[in-house]
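Per my numbering, residue 69 is the first one in the sequence shown, and the count goes up by one each step.
Glycine included, each C-beta is placed from N, C-alpha and C at the ideal position.
Please read all numbers here as calculations on a predicted model, not as lab measurements.
Remarks on the structure that follows.
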Amino acid sequence: MVAPGLTVKDRLQVLLPENKDNFYQSFILVDSAMWQDLLQAKIAVTNWHNLAPINENYGPKVMKKGPESDEAFVRRVLSDFGNANNILIINDEAHHCHRPSQDEEKSEKEKATIWISGIDRIHNARGVLKAYDLTATPFKPTGKNNQGEQLFTWIVSDFGLNDAIESGLVKTPKVAVRDDSTIGADFKSKLFHIYPEVKEDLNRRAEPHEGLPDLVKNAVNILGGDWLKEKEKWGKQNPPRETPPVMIMICNRTETAARLEYSFVNGYFAIDELGDKKGLIRIDQDALDKIEADEEEKLDKSKQDLVKMERDKFNTVGKKDRAGESVQCVIGVNMLSEGWDARTVTHILGLRAFTSQLLCEQVIGRGLRRISYDVNEETGRYDAEYVTVFGVPFTFLPVEQEEGTTKTEKPKTKIEPIQERKDLKIEWPHVLRVEYKLNYFLDLDWERLEKLTLSPEDAPTIVEVAPVIDGKPKFDQLTEIDLNKLAEEHRLQKIKLQSAVRLHEQFGKNWEGDPGSHISQLMQIYDEFLISSKLDIKVPIFAGTEKLKNIVIALNSQKIVNHIGNFIRSSSKEAPALILDPVRPVRSTATAMMWWTSKPTQPVKKSQISHIVIDSGWEKVGLEFERNRIPGLISWVKNDHLGFEIFYLWQGQIKTYYPDYIIKFENNRHLILEIKGQITEQDKAKWQAAKEWVNAVNANGSFGTWEFKVLDDPKNLFEVVK
């Protein structure tokens, strides 16, 4: 049996007859005669990593002895099999085991090549009777949308996820189908797919103490409130469940996971129980992957033991008298290990991009293992068990594309930096944020503060969830999850104090003095803002309006914190300070990614990037830079897949602004040029952030001179850029 990693390999130990917990006896899978036959069999469980040639750099032992014969390979990999030639192979998680194709990612192609090549060598040396591929996702992970997934052509038996759900062999997922916030074009709940709404905030290198978007915070509170009810229900059972229900969260990056953990531990969510450090675990997936691949020697010795302890705790979640028995909240990045067999998962939150069917099913699958396999004597079936899911936009059963429906692919142009054009390179600082020193006593001009508008429709307070059966939500089985009780328990006074503390965390060492005095000032500012004309809460006029206002404030507390914090910083008279990305403090056109487009393009000569993509008629401005009619112009670049970004605040939410062009002139002068016809209030917020960015970069003095200008009419180009 071949497994994709140590976690699955460990789980497969129950298929060894000598294991005291073997499934043959636990689930009465064989009779006594078959059991005796099983005892005569030689069974080996190994990782795909062990199928690599010994002269390649896989695993801890690297030997350079020249090519290894197929027979020598078999004797090494199947050392207990002697000269046996009646070999049966079972590939678990077999979507990793196939002939690789060109559209796969490099790591997946590498894994598939080693795995299938190893089986080929066993077959060449001894002959393989049969190879059985077992997987819940029998298609290649191409990274494309569901329509692009291709089912394996050698499927002979299918007992899919829908069959498993309908038969009760696994839990039934319940998804958010409706809520009481503003309805989008697809009529789905905001909590059905969270990431697109918050990706600009989550997809940046933020500090752990930085507050999470309100939609994320409210999703955690709503899902956490439902988790708490489930925990209370488990405690009232007779006898009570021995381990708690588990909530898992899958994040897009390490920084998001750290922000979640910080908010839990410091009590910024409404469910204090989930912040209990004994029951909270954040997974370092990169380190775990190295352990999974028997590559722990790549980790520092001090980290190896820590990661192994973490792995043991993670792999025993929900198991009595094991390291993970008290775990009730798991925070992971991108994905949790294949084969993770925790049965007590009741809630899942997805905070990452989901670009394929495989990703959705893998995340959902982490919570589908049943807790109990006891048959209900009255029905003769298993009782229904559920897992509630927010943020994972899954649909079941990928559809194999019919022949003849493939559209002709349009010709594509490769857009890339031309390294020979070094003299045209443009560099810029990658600014994470701009900070200011603050006076001990804050002196604020409230007239300069922009108005913040909030509405009950901005954030859901009631979410309706429905079980998904046969790939469709069952609306006749809707249940409600209500946040009103949580919002009431989150009293306004507590919100004010937490918001003042969060504001103080934003300023850090830039505000010297007594923290207690600072927080007292911030609470006064917060109070003054709530009753000022600068906060517009749009609530209907009816009994309970004041209570509804408090709920709106509670559900939008991070927007208010961001709005006030930005106002306080902008009131500083001190020189700005740049906080640069510690990993890549400077970016340039030379390090831009290569990409392909089917849009119209034009090759260019005065840019280090090979082409300009023609998105609209405004691109004639870019082509004008090619002509020698602008004095002092050295090079230019359109900010397309370039990575030049400026963070700004709009209505209390952190957004990302991508200006249109950067132009480099003589004397190390740079112009950021924005091209805009109709101007909105949000555009003004972007441009204010760009001007602040320019002032801070110029004050730093290490990156030349920068300007920011807006072009509202192509006829004015020469006047604007001169």
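Thinking residue i and residue j are a contact (beta carbons under 8 Å), I'd like their distance in whole angstroms, please.
i	j	result
Val681	Ile483	7 Å
Arg327	Phe715	At roughly 15 Å, the Cβ-Cβ gap does not stay under 8 Å, so Arg327 and Phe715 are not in contact.
Lys317	Leu219	Note on identity: in this sequence residue 317 is Met, with Lys being the wrong assignment. With 8 Å as the limit, Met317 and Leu219 do not qualify as a contact, their Cβ atoms being about 30 Å apart.
Tyr281	Gln721	A quick correction: the sequence has Pro, not Tyr, at residue 281. Indeed, because the Cβ distance is near 7 Å, the residues count as touching under 8 Å.
Phe458	Leu283	That belief does not hold up - the Cβ atoms of Phe458 and Leu283 are roughly 10 Å apart, past 8 Å.
Gly392	Gly386	7 Å
Lys744	Asp780	6 Å
Ala180	Pro168	4 Å
Phe771	Pro497	5 Å
Leu119	Trp183	6 Å
Asn194	Ile155	Per the sequence shown, the amino acid found at residue 194 is Arg instead of Asn. With a Cβ gap of about 6 Å, Arg194 and Ile155 count as contacting.
Gln719	Leu520	6 Å
Whose C-alpha, out of the options, is nearest the C-alpha of residue i?
i	options	result
Val443	Glu268, Thr613, Gly236, Arg143	Gly236
Arg143	His191, Val266, Trp103, Asp780	His191
Arg438	Thr447, Pro461, Thr412	Thr412
Arg501	Glu268, Val243, Glu760, Ser100	Glu760
Ala274	Tyr729, Trp755, Asp649, Glu694	Asp649
Met662	Gly335, Gly769, Ala452, Thr481	Thr481
Leu57	Leu197, Ile184, His586	Residue coverage of the chain in this structure runs from 69 to 790, which leaves residue 57 outside it and unanswerable.
Asn763	Lys783, Leu779, Gly292, Leu739	Leu739
Val778	Lys790, Asn768, Ala767, Gly769	Lys790
Leu106	Asn118, Tyr92, Thr75, Leu119	Tyr92
Arg489	Trp704, Ser424, Asp544, Gln430	Trp704
Leu111	Phe543, Phe95, Asn87, Glu429	It should be pointed out that residue 111 corresponds to Ile in this sequence rather than to Leu. Ranking the options by Cα distance to Ile111, first place goes to Asn87.
Ile636	Asn766, Phe509, His117	Phe509
Ser684	Glu694, Lys674, Lys667	Lys667
Ile339	Asp373, Asn306, Lys297, Glu378	Lys297
Lys732	Ser675, Phe786, Ile747, Glu742	Ser675
Leu270	Tyr330, Asn320, Thr613, Asn90	Asn320
Gly700	Lys723, Tyr726, Arg737	Arg737
Lys493	Met377, Val196, Ile702	Ile702
His261	Leu417, Ala452, Asp201, Asn784	Leu417
Tyr794	Val224, Gly584, Gly633, Lys617	Nothing can be reported for residue 794: it is not among the residues displayed for the chain, which extend from 69 to 790.
Leu785	Ile677, Val689, Ala199, Glu694	Val689
Ser394	Lys299, Ser331, Asn334, Glu329	Lys299
Is the beta carbon of residue j closer than 7 Å to that of residue i?
i	j	result
Lys505	Asn578	yes
Lys752	Tyr729	no
Ala527	Leu623	yes
Ala71	Asn115	yes
Ala660	Leu710	yes
Asp294	Ile549	yes
Val765	Trp774	yes
Phe141	Arg189	yes
Val531	Ile290	yes
His166	Met315	no
Ser567	Val620	no
Ile537	Ile233	yes
Glu503	Ile647	yes
Gly347	Gln305	no
Asp248	Thr75	no
Arg449	Leu404	no
Tyr454	Lys242	yes
Thr205	Glu446	no
Ala534	Lys542	yes
Leu546	Ser639	no
Glu268	Thr724	yes
Checking the sheet assignment: what are the DSSP bridge partners for residue i?
i	result
Asp247	Val531
Cys319	Val401, Leu419
Ser656	Glu495
Pro541	Val536
Phe458	Leu417
Thr773	Arg737
Glu548	Glu532
Arg350	Ile399
Report yes or no: is there a C-beta of chain C within less than 7 Å of the C-beta of residue i?
i	result
Lys673	The structure shown contains no chain C; it is built from a single protein chain.
Checklist line | alpha helix (DSSP H) runs wholly inside the region 133-217, at least 4 long, in chain order | finding: 138-145, 174-194
Checklist line | In chain order, each beta strand (DSSP E) run of at least 3 residues that lies wholly inside the region 228-313 | finding: 240-247
Next item on the list: Could I get the ranges of all uninterrupted beta strand (DSSP E) runs contained in the region 598-649, with 3 residues as the minimum, in chain order?
Entry: 603-605, 645-648
Next item on the list: Give, in chain order, every unbroken run of the alpha helix (DSSP H) that is at least 4 residues long and sits entirely within the region 727-769.
Entry: 749-768
Margin query: Runs of 3 residues minimum, wholly inside the region 687-719: which ones carry the beta strand (DSSP E) assignment?
Written below: 701-706, 714-718
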